[in-house]
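Notes for the one structure printed next.
There are 2 protein chains.
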Amino acid sequence: MSGWQTHATRTAYENAWIRVREDEVTRPDGSTGVYGVTEVRHPAVFIVPVTEEGEVLLIRLFRYPIGRDSLEVPAGGSDGQEPLVAARRELREETGRTAATWTHLGRVFSLNGVADARAEVFLAQGLADEGGGSQAEEGISEVLTVPWDDVLGMVRTGAIHDSETVSCLMLAGLALGRIG
Amino acid sequence: MSGWQTHATRTAYENAWIRVREDEVTRPDGSTGVYGVTEVRHPAVFIVPVTEEGEVLLIRLFRYPIGRDSLEVPAGGSDGQEPLVAARRELREETGRTAATWTHLGRVFSLNGVADARAEVFLAQGLADEGGGSQAEEGISEVLTVPWDDVLGMVRTGAIHDSETVSCLMLAGLALGRIG
């Protein structure tokens, strides 16, 4: 029993990637108001690619919404595909790599106070560099191969500031026995 | 040089907590289109409260946008306050605790492909239970005190699925020497 009641809902804004809906609600404390929720149209997939040597592949790209570069694990929208299919596609497009072994690490929700944005997180191992990809079209300026300890250092210093990347690294670290 | 150009911007939706703007853009590849960005009006603050014994305080609350309960570290909007002032307030409101020692762990950005949502992350130690708070008004059904190893287990199993909470735990683990 959530205590929330929804009386009406409308689409306040939409484009190809997001839909913003505004609900008229009664809150658990009995007060009434509106709740605006940003829905990401397709669940995202996040991939933590890890080499035999325990290095992590990261990409550098400019993020328009925050107006700055960001170092991140490969990710993208599932575009209606099965999450694993989308993950294979995104890894190839963003890094030129394929992976022999895929492990589903879990599902996380981002910004759950104002958004419905879920992501399926995968560990990709047994990497092979097939070349190619579409880094330029995706706005990716660099693909980095970073030792695990250096990745943690980049989180600590804020060089990695993408919250989803940090949470994916936690899930990967737990699965790989490098955390916990 | 980001390669993006913004030609026009308009407010597509707004309420007390978020503003959605739609920009007309030229992308780095020269194509034109729109970019919808959800802006969180006030930067968020996240607090990782850790006891002398290394336990973490978590709250359980129902998250309307995703329609389910979530286990999270205390957090909230800064509402125009200095981040540390807001963090003290949120910790007190959501858990009834004060903290003697505050450490700024860093800043993370959530959902940076579609949102401008930054959060300042703090470690709170030297906790004292002053009682009170406004858990019910905040929709908080439970305040849990969880040993660090159990917190990691909850991340691993998905019992904790809030992406920001997972990333804040990573930052806290690094600062406390429990990770890395």
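Going line by line, the protein sequences match chains A and B.
Using the numbering used here, the first residue of the first sequence is number 1195, and each one after it goes up by one.
Using the numbering used here, the first residue of the second sequence is number 1195, and each one after it goes up by one.
Yeah, the Cβ is synthetic: ideal placement off N, Cα and C, and Gly gets one too.
Note that the coordinates shown come from a computational prediction; the quantities given were computed from them, not determined experimentally.
For G1271/A and R1235/B, the gap between their C-alpha atoms comes out near 25 Å. Minimum Cα-Cα distance from A1318/A among the listed residues R1213/A, P1243/A, T1205/A, E1233/A corresponds to P1243/A.
Leaving aside the five residues that flank D1356/A on each side, the residues in its chain whose CB is nearer than 6 Å to its CB run, in chain order, S1264, E1266. The three-state secondary structure of G1274/B, taken from DSSP, is coil.
For a Cβ distance threshold of 8 Å, residue set F1303, N1306 of chain B lies close to S1264/A, ordered along the chain. For L1255/B, there is no enclosing alpha helix (DSSP H); the residue is found in the beta strand (DSSP E) stretching over 1249 to 1257.
Fewer than three Cβ pairs drawn from the segment 1326 to 1337 of chain B and the segment 1331 to 1350 of chain A lie within less than 8 Å of each other, which leaves the two stretches out of contact. The beta-carbon of W1211/B is placed less than 9 Å from the nearest beta-carbon of chain A. When secondary structure is reduced to three states using DSSP, A1322/B falls in the strand class. When 7 Å is used as the limit between beta carbons, G1300/B is near these residues of chain A: G1352, in chain order. Taking 9 Å as the CB threshold, G1333/A lines the interface with chain B.
Between V1308/A and A1311/B, the C-beta spacing is below 9 Å.
Taking all protein chains in view, the Cβ of D1223/B is surrounded by fewer than 16 other Cβ atoms within 10 Å, so the residue is classified as exposed. Counted as a single uninterrupted DSSP element, the alpha helix (DSSP H) harbouring Q1329/B occupies residues 1329 to 1332. The beta carbon of T1297/A is closer than 6 Å to those of L1317 in its chain, skipping five residues each way along the sequence.
Along the segment 1246 to 1261 of chain B, the positions whose C-beta sits under 9 Å from a C-beta of chain A are F1256, R1257, Y1258, P1259, I1260, G1261, read in chain order. Nearest C-alpha to V1302/A among G1326/B, W1198/B, L1370/B, V1349/B: V1349/B. Membership of V1239/A in the beta strand (DSSP E) is indicated by the continuous run 1238 to 1243.
Annotation: Cβ neighbours of W1198/B in chain A (cutoff 8 Å, chain order): F1256, Y1258. At a cut-off of 9 Å, the C-beta of L1346/B has a neighbouring C-beta in chain A. Taking 9 Å as the threshold, the shortest C-beta distance from S1272/A to chain B does not fall below it. Taking CB atoms only, R1291/B has no neighbour in chain A less than 9 Å away. Non-local C-beta neighbours of T1339/A in its own chain, meaning closer than 7 Å and more than five positions away in sequence, comprise T1245, E1249, L1251, ordered along the chain. With a beta-carbon spacing of about 4 Å, A1238/B and A1313/B fall inside the 8 Å limit used to define contacts. In the displayed model, G1227/A falls within a strand according to three-state DSSP. Here V1279/A is exposed, its C-beta having fewer than 16 other C-beta atoms within 10 Å.
Close CB contacts of I1334/B within its chain, under the 8 Å cut and outside five residues either way in sequence, are with I1253, R1254, L1255, E1288 (chain order). Look at T1297/B: its C-beta is not under 9 Å from any C-beta on chain A. Cβ atoms of Y1229/A and Y1258/B come within 8 Å of each other, at about 6 Å. About 21 Å separates the CB atoms of A1366/A and L1305/A; that is not less than 8 Å, and the two are not in contact. In the displayed model, R1372/A falls within coil according to three-state DSSP, outside both helix and strand. E1358/B places its beta carbon 9 Å or farther from that of S1225/A. Think of a sphere of 7 Å around the beta carbon of P1237/A: no beta carbon from chain B falls inside it, the nearest being about 12 Å out. Under DSSP, I1212/B takes part in a beta bridge, and its partners are V1234/B.
Restricting attention to A1210/B, N1209/B, E1233/B, W1211/B, the CA atom closest to the CA of D1217/B is found in E1233/B.
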